[in-house]
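Trainee: So the sequence shown is numbered by the numbering used here: it starts at 123 and just counts up by one. We treat Cβ as the ideally placed atom computed from N, Cα and C, and that holds for glycine. Everything numeric in this text was worked out from a predicted model, so none of it was measured.
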Amino acid sequence: MTDWDEETGVLDLMIRGMRLEADGVMSIELVDPDGAWLPEWTPGAHIDLGLPDVVRQYSLCGDPADRERYLIAVLLEEESRGGSSYIHDVAHPGEVVEVGGPRNHFALAPAKEYLFLAGGIGITPILTMLRQAENDGVPWRLVYGGRRRSSMAFVDELGQYGDRVLLQPEDEVGRLDVASLLGDPQEDALIYCCGPSGLINAVEDHSGHWPTGSLNVERFVAKDLSDLVSTPVHVTCERSGIELDVSAAESILDALEGAGLGVPNACREGVCGSCDVAVLSGTPDHRDSYRSPAELEDTTSLAVCVSRARTPELVLDI
123 MTDWDEETGV
133 LDLMIRGMRL
143 EADGVMSIEL
153 VDPDGAWLPE
163 WTPGAHIDLG
173 LPDVVRQYSL
183 CGDPADRERY
193 LIAVLLEEES
203 RGGSSYIHDV
213 AHPGEVVEVG
223 GPRNHFALAP
233 AKEYLFLAGG
243 IGITPILTML
253 RQAENDGVPW
263 RLVYGGRRRS
273 SMAFVDELGQ
283 YGDRVLLQPE
293 DEVGRLDVAS
303 LLGDPQEDAL
313 IYCCGPSGLI
323 NAVEDHSGHW
333 PTGSLNVERF
343 VAKDLSDLVS
353 TPVHVTCERS
363 GIELDVSAAE
373 SILDALEGAG
383 LGVPNACREG
393 VCGSCDVAVL
403 SGTPDHRDSY
413 RSPAELEDTT
423 SLAVCVSRAR
433 TPELVLDI
């Protein structure tokens, strides 16, 4: 079940154009059928794309100043669960789809310098960030890895930036040497990384000597939670007056829905952030994949689809 977020709203948008940006990467241009302007967004934002029987999240990779369209790029997954295969094989210009958002859990913070690290389709949010940095006159570098040069999207656009962009096709130069890239910490620089789990895990492992708060990552795939132990939690829903005993085997979201409480949600695996609910009392055990290390200390909200509690009880603002 998917409940769209009433705060961000749902739009019926039309696919105006589709373009193959690289091997297995299709860009989709979405517009309002009546030509209305679309909600504003900032670099790093994503939308929820409603497709038959599935909702998927895709980073916006166009120009935030262009209010007439949204642009996303979709990688055809080898083991697609329905989203990317539908886009590549079935979707067509003129089709109308539901779009939720935009939301941003990967916002570009002010800095004196940026190091951007992208792997594969992870270039999509990074592309909008480096454009913003360029417009603001802030120094930046991009290291962009992929399996093959032909599979790396937007390389033609990136060519205009010269040696500030380092392309690293794996079949030509091997995998990114993350330890070397992050060897010298920079006091006033921020790292933004998006890509496959292997890249993000390596960046997290090799950036510990950088100043606290330097690293910002976005995952397209949820973290592996299989080794985590869940315990029962008593949940009090302050506004509705409902109390629930959530077993270790069910999610808080499932329990809320079972009690008839609709919570906006989309991915149900801790990636999109649409089910974040305010916490009035108790301590969350954050298990989502979008909070930064610093945000993991925040006790004011939690993603009810995957997160648990460090205390026996949670009081939620719902």
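Starting from the C-beta of R356, find all residues in its chain whose C-beta is less than 8 Å away, skip the five residues before and the five after it, and write them out in chain order.
Mentor: Sequence check: residue 356 is His here, not Arg. The answer, listed in chain order, is E365, L366, D367, V368, P434, E435 and L436.
Trainee: Can you find the residues in the same chain that come closer than 6 Å, C-beta to C-beta, to R286, ignoring five residues on each side of it along the sequence?
Mentor: The beta carbon of R286 is closer than 6 Å to those of R263 in its chain, skipping five residues each way along the sequence.
Trainee: Given a threshold of 16 other Cβ atoms within 10 Å of its Cβ, counted over all protein chains shown, does V177 qualify as buried or as exposed?
Mentor: buried
Trainee: Output the distance between the C-alpha atoms of E143 and G205, rounded to the nearest integer angstrom.
Mentor: 18 Å
Trainee: Candidates L182, G284, V343 and L173: which alpha carbon is nearest E151's?
Mentor: The residue with the shortest Cα to Cα distance from E151 is L182.
Trainee: Could you tell me the alpha carbon to alpha carbon distance between L171 and L193, rounded to whole angstroms?
Mentor: 12 Å
Trainee: Quick check on E217: does DSSP put it in helix, strand or coil?
Mentor: E217 carries a coil assignment under DSSP once its states are collapsed to helix, strand and coil.
Trainee: Could you check where the alpha helix (DSSP H) with P247 kicks off and where it finishes?
Mentor: Here the alpha helix (DSSP H) through P247 covers I245 to D258.
Trainee: Assuming P215 and I137 are in contact, meaning their beta carbons sit under 8 Å apart, how far apart are those beta carbons, in whole angstroms?
Mentor: 5 Å
Trainee: Would you kindly report the start and end of the unbroken beta strand (DSSP E) that includes T176?
Mentor: Before going further, note that residue 176 is Val rather than Thr in the sequence given. Residues V176 to S181.
Trainee: How do the region 217 to 225 and the region 277 to 284 stand: do at least 3 beta-carbon pairs fall below 8 Å, yes or no?
Mentor: no
Trainee: By DSSP, does Y314 sit in helix, in strand, or in coil?
Mentor: strand
Trainee: Please state the DSSP three-state secondary structure of E435.
Mentor: strand
Trainee: Quick check: the region 298 to 318 against the region 244 to 264, are at least 3 beta-carbon pairs closer than 8 Å?
Mentor: yes
Trainee: Let's see if you can read the secondary structure: which residues bound the beta strand (DSSP E) around D367?
Mentor: I364 to V368
Trainee: Taking DSSP as the reference, what is the three-state secondary structure of E279?
Mentor: helix
Trainee: Using the Cα positions of D327 and S302, report the straight-line distance between them to the nearest angstrom.
Mentor: 12 Å
Trainee: Do L442 and V401 have their C-beta atoms within less than 8 Å of each other?
Mentor: Only positions 123 to 440 of the chain appear in this structure, which leaves residue 442 out of reach.
Trainee: So, do the region 419 to 430 and the region 254 to 268 have three or more beta carbon pairs nearer to each other than 8 Å?
Mentor: With the cut-off at 8 Å, the region 419 to 430 and the region 254 to 268 do not touch.
Trainee: Alpha carbons only, please: which of E217, V196 and P386 is nearest the one belonging to L135?
Mentor: If we check each option's Cα against that of L135, E217 comes out closest.
Trainee: Answer with buried or exposed for W163, where buried requires no fewer than 16 other C-beta atoms within 10 angstroms of its C-beta.
Mentor: buried
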